[in-house]
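Engineer: Residue numbers (the working numbering), protein chains in the order written: chain A, 1 to 99; chain B, 1001 to 1475. For glycine and all other residues, C-beta sits at the position ideal for the given N, C-alpha and C. Structure provided below as structure tokens; questions to follow.
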């Protein structure tokens, strides 16, 4: 294994522990926002998509790169916006009449 | 120091914000801020990436992609109804999985274009990113279709299904091994592009085959699992690109998805393997063959909204048990109005939330929060169960299997052992339900035959609305 891969493996293992530690403290009330918030975070794949978007010359490579960026961005933007919308409802507000 | 050397620093900051963002979710008061911190970190990472030399020629493609994807994501996120949240999350999740798979394909093609034999570690992680991402993409698409009602939410099963699904998985693994072997030996006999295409297609088909046999009631498990998959796919893509930020972010999500998957499976007293491959349909048939409810002389007591109103107005403690029927009928606002009325009469109202109420983890909490129900009135199963015996009325709205006492008492029942809300211990039970049709598990509920139980038939929103009218009249 190359040095890069070993470093990545360390990061991977440590992140597993951090992830379990942090997420186990989330109360069940917030499980849906947790899920959509985590959803937004894996949208970081957009960075990967940007890095390889122009890796392959030619129309097919361009189309695949474009699609990767589209999907990644939709994931990021949609995920964060929807989570924000949801969390706004958990703010304690004085009675506001809906409907 | 050039700008490019700052990119890893920006990524480090982003990784920290993601951890802080998840940490913020441990309390409703810090959650909004946490989510925004993570979003800011994401923005920093994306801006930093623009300065990478890998981006050079791709700028127009990237900008166009961000514009299209951003608009689609923003629009979808703004218009989605809270009841439709599970399918929206499935959709965004699938998008992430698809993106990870595409990144893997492009990275593979780039490796191949160099002419050098690809590194073993890179080949393996790239393949994993491709396969897991593709499974998550197509699996999420099917989950979306089921939740949206585009395809039947029922479990889709046929003879020899597990063999076929297993065969697809085996073929994927074999082709992957061929590709990895080619990478090790450096002797490529088959066109690697062809192999990659075949693996991609197989993985996509596997994703469909994996989710199709899973019924609507098991969706909280499936959504959590697919979420974990995409996280893992992104982490693998991070290995491939030697990008630690992707590794950290993907792994965090993988961990959160795994935890939720375990919690949801536990809440249904089923192993993950049982949810994925177990024949819930077959178990249902066996359950139906058991002692048929209603044949033993006990009968159902049906009441009208006025009786329900009287019962409620004489109560001291009321526990509302909301289920998916409430979500479907969009009755959360009516329920809130009812609770307000009862509280104005000095009656104590609490909500009992089963972990799998709704179609994704914590879904019911979001729906009630949307109707401005204060979250400190929502109680977990473990917190509220001891209180049912002190409750004068348990008001069950559109919930079924999670209240079925057979889960405690009848070892022959397919849901036996599933943790349930002890609704039957309340002094009086009012069940609002459209009809006597069984719930998702397809089994009869003994609770409805309990002498303490009164059935109020009707659409959840209508029925609750009528009870509210009656209560107002009496006041």
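#1: Would residue 36 of chain A pass as a contact of residue 1089 of chain B if the rule is Cβ separation under 7 Å?
#2: Here's the rule I'm using: 16 or more other beta-carbon atoms within 10 Å means buried, otherwise exposed. How should residue 1398 of chain B be labelled?
#3: Kindly indicate which three-state DSSP category residue 1155 of chain B falls into: helix, strand or coil?
#4: Would you mind telling me which residues of chain B sit closer than 8 Å to residue 33 of chain A, beta carbon to beta carbon, in chain order?
#5: Measure the CB-CB distance between residue 1244 of chain B and residue 22 of chain A and report whether it falls below 7 Å.
#6: Straight-line CA distance for residue 1094 of chain B to residue 1202 of chain B?
#7: Let's see if you can read the secondary structure: which residues bound the alpha helix (DSSP H) around residue 91 of chain A?
#8: Against chain A, with Cβ distances strictly below 7 Å, would residue 1272 of chain B count as a contact?
#9: Look at the alpha carbon of residue 1353 of chain B and the alpha carbon of residue 1371 of chain B, and state the distance between them as a whole number of angstroms.
#10: What is the DSSP secondary structure of residue 1217 of chain B, reduced to helix, strand or coil?
#11: Could you tell me the distance, in whole angstroms, from the CA atom of residue 1169 of chain B to the CA atom of residue 1133 of chain B?
#12: Compare the beta carbon distance of residue 1035 of chain B and residue 87 of chain A with 7 Å and say whether it is the shorter of the two.
#13: Is the CB of residue 67 of chain A under 7 Å away from at least one CB in chain B?
#14: For residue 60 of chain A, decide whether its Cβ has a neighbour in chain B, counting only Cβ atoms nearer than 7 Å.
#15: Give the interface partners of residue 1416 of chain B over in chain A, defined as CB-CB distance under 7 Å, in chain order.
#16: Quick one: which chain A residues come within Cβ less than 9 Å of residue 1088 of chain B?
#17: In the DSSP assignment, the beta strand (DSSP E) including residue 1394 of chain B goes from what residue to what residue?
#18: Anyone know if the C-beta pair for residue 996 of chain B and residue 43 of chain A falls short of 7 Å?
#19: Given a threshold of 16 other Cβ atoms within 10 Å of its Cβ, counted over all protein chains shown, does residue 1324 of chain B qualify as buried or as exposed?
#20: Closest by CA to residue 31 of chain A, which one among B/1223, B/1395, B/1156?
#21: Exposed or buried, residue 75 of chain A, counting other C-beta atoms within 10 Å across all chains shown (16 or more means buried)?
#22: Determine, using beta carbons only, whether residue 48 of chain A comes closer than 7 Å to chain B.
#23: What are the boundary residues of the alpha helix (DSSP H) that residue 1112 of chain B is part of?
#24: Closer than 8 Å, Cβ to Cβ, to anything on chain A: give me those residues from the stretch 1390–1409 of chain B, in chain order.
#25: What's the C-alpha gap between residue 1477 of chain B and residue 1430 of chain B?
#26: With distances taken from CA atoms, which of B/1121, B/1443, B/1102 is nearest residue 1177 of chain B?
#27: Tell me, which residues are paired with residue 1453 of chain B by DSSP?
#28: Could you tell me which chain A residues have their CB closer than 7 Å to the CB of residue 1375 of chain B, listed as they occur along the chain?
#29: Could you check where the beta strand (DSSP E) with residue 1478 of chain B kicks off and where it finishes?
#30: Determine the closest residue to residue 1014 of chain B out of B/1005, B/1044, B/1004, with distance taken between C-alpha atoms.
#31: Which of the three DSSP states, helix, strand or coil, is assigned to residue 1319 of chain B?
#32: Name, please, each residue of chain A whose Cβ falls closer than 8 Å to the Cβ of residue 1116 of chain B.
#33: Judging by CA-CA distance, which residue of B/1216, B/1272, B/1385, B/1052 is the nearest neighbour of residue 1151 of chain B?
#34: Looking at residue 41 of chain A and residue 1018 of chain B, is the spacing between their C-beta atoms short of 7 Å?
#35: For residue 1012 of chain B, I'd like the list of residues in its chain whose CB is within less than 6 Å of its CB, leaving aside the five on either flank, ordered along the chain.
Structural biologist: In this structure, then:
#1: Counting from one through the first chain, the residue named residue 36 of chain A turns up at place 36. Counting from one through the second chain, the residue named residue 1089 of chain B turns up at place 89. For residue 36 of chain A and residue 1089 of chain B, yes; Cβs fall inside 7 Å.
#2: Stepping through the second chain from its first residue, residue 1398 of chain B is reached at position 398. Buried, because 16 or more other Cβ atoms sit within 10 Å of the Cβ of residue 1398 of chain B.
#3: Here the question's residue 1155 of chain B lines up with position 155 in the second chain. The answer is coil: DSSP assigns residue 1155 of chain B none of H, G, I, E or B.
#4: Within the first chain, the letter at position 33 stands for residue 33 of chain A. Those are 1025, 1031, 1035, 1362, 1366, listed as they occur along chain B.
#5: Taking the first residue of the second chain as position 1, residue 1244 of chain B is located at position 244. Taking the first residue of the first chain as position 1, residue 22 of chain A is located at position 22. Not a contact, by the Cβ cut-off of 7 Å.
#6: For this step, residue 1094 of chain B is matched to residue 94 along the second chain. For this step, residue 1202 of chain B is matched to residue 202 along the second chain. Their backbone Cα atoms lie some 17 Å apart in a straight line.
#7: Along the first chain, one-based indexing puts residue 91 of chain A at 91. From DSSP, residue 91 of chain A is part of no alpha helix (DSSP H); its letter is neither H nor E.
#8: Here residue 1272 of chain B refers to the residue found at position 272 of the second chain. Chain A, which has no Cβ nearer than 7 Å to the Cβ of residue 1272 of chain B, makes this no.
#9: Taking the second chain and counting its residues from 1, one reaches residue 1353 of chain B at position 353. Taking the second chain and counting its residues from 1, one reaches residue 1371 of chain B at position 371. Between residue 1353 of chain B and residue 1371 of chain B, the C-alpha separation is close to 15 Å.
#10: Counting from one through the second chain, the residue named residue 1217 of chain B turns up at place 217. Helix at residue 1217 of chain B.
#11: Residue mapping note: residue 1169 of chain B aligns to position 169 of the second chain, counting from 1. Residue mapping note: residue 1133 of chain B aligns to position 133 of the second chain, counting from 1. Residue 1169 of chain B and residue 1133 of chain B have their alpha carbons spaced roughly 14 Å apart.
#12: Against the second chain, residue 1035 of chain B aligns to sequence position 35. Against the first chain, residue 87 of chain A aligns to sequence position 87. Yes, Cβ-Cβ distance for residue 1035 of chain B and residue 87 of chain A is below 7 Å.
#13: Residue numbering aside, residue 67 of chain A sits at position 67 when the first chain is read from its first letter. Taking Cβ atoms only, chain B reaches closer than 7 Å to residue 67 of chain A, which makes this a yes.
#14: Residue numbering aside, residue 60 of chain A sits at position 60 when the first chain is read from its first letter. Cβ-Cβ to chain B under 7 Å: no for residue 60 of chain A.
#15: For the purposes of this step, residue 1416 of chain B is taken as residue 416 along the second chain, with counting starting at 1. None at all; the shortest Cβ gap to chain A is about 23 Å.
#16: Numbered from its first residue, the second chain carries residue 1088 of chain B at position 88. Going along chain A in sequence order, the residues near residue 1088 of chain B (Cβ under 9 Å) are 36, 78, 82.
#17: Taking the first residue of the second chain as 1, we reach residue 1394 of chain B at position 394. It spans 1393–1397 - the beta strand (DSSP E) in which residue 1394 of chain B sits, taken as one unbroken run.
#18: There is simply no residue 996 of chain B to check, as chain B begins at 1001 and stops at 1475 in what is shown.
#19: Here residue 1324 of chain B refers to the residue found at position 324 when the second chain is read from its first residue. Classification of residue 1324 of chain B: buried, given that the 10 Å Cβ count is 16 or more.
#20: Indexing the first chain from 1 puts residue 31 of chain A at position 31. Ranking the options by Cα distance to residue 31 of chain A, first place goes to B/1223.
#21: By 1-based counting over the first chain, the position of residue 75 of chain A is 75. Burial call: buried.
#22: Indexing the first chain from 1 puts residue 48 of chain A at position 48. Chain B contact via Cβ: present.
#23: Position 112 of the second chain, counted from the start, is the residue given in the question as residue 1112 of chain B. It spans 1085–1113 - the alpha helix (DSSP H) in which residue 1112 of chain B sits, taken as one unbroken run.
#24: none
#25: The question about residue 1477 of chain B has no answer, for chain B in this structure spans 1001 to 1475.
#26: Here residue 1177 of chain B refers to the residue found at position 177 when the second chain is read from its first residue. It is B/1121 whose Cα lies nearest to the Cα of residue 1177 of chain B.
#27: For the purposes of this step, residue 1453 of chain B is taken as the residue at position 453 of the second chain. The partner list for residue 1453 of chain B (beta bridge, DSSP) reads B/1429.
#28: Translated into the one-based positions of the second chain, residue 1375 of chain B becomes position 375. Within chain A, the residues near residue 1375 of chain B are 29, 90.
#29: Because chain B here runs from 1001 to 1475, residue 1478 of chain B falls outside it and cannot be looked at.
#30: Here the question's residue 1014 of chain B lines up with position 14 in the second chain. Looking at the Cα atoms, B/1044 is the closest of the given residues.
#31: If you number the second chain from 1, residue 1319 of chain B lands on position 319. DSSP, read as helix, strand or coil, puts residue 1319 of chain B in strand.
#32: As a working mapping, residue 1116 of chain B is identified with position 116 in the second chain. The contacting residues do not exist; residue 1116 of chain B stays about 14 Å from chain A at best.
#33: Here residue 1151 of chain B is taken as the residue at index 151 of the second chain, counted from 1. The option with the nearest alpha carbon to residue 1151 of chain B is B/1216.
#34: In the second chain, the residue the question calls residue 1018 of chain B occupies position 18. In the first chain, the residue the question calls residue 41 of chain A occupies position 41. Yes; because the gap between Cβ atoms is below 7 Å, this pair is in contact.
#35: Working through the second chain from its first residue, we reach residue 1012 of chain B at position 12. Excluding sequence neighbours, residue 1012 of chain B sits near nothing in its chain.
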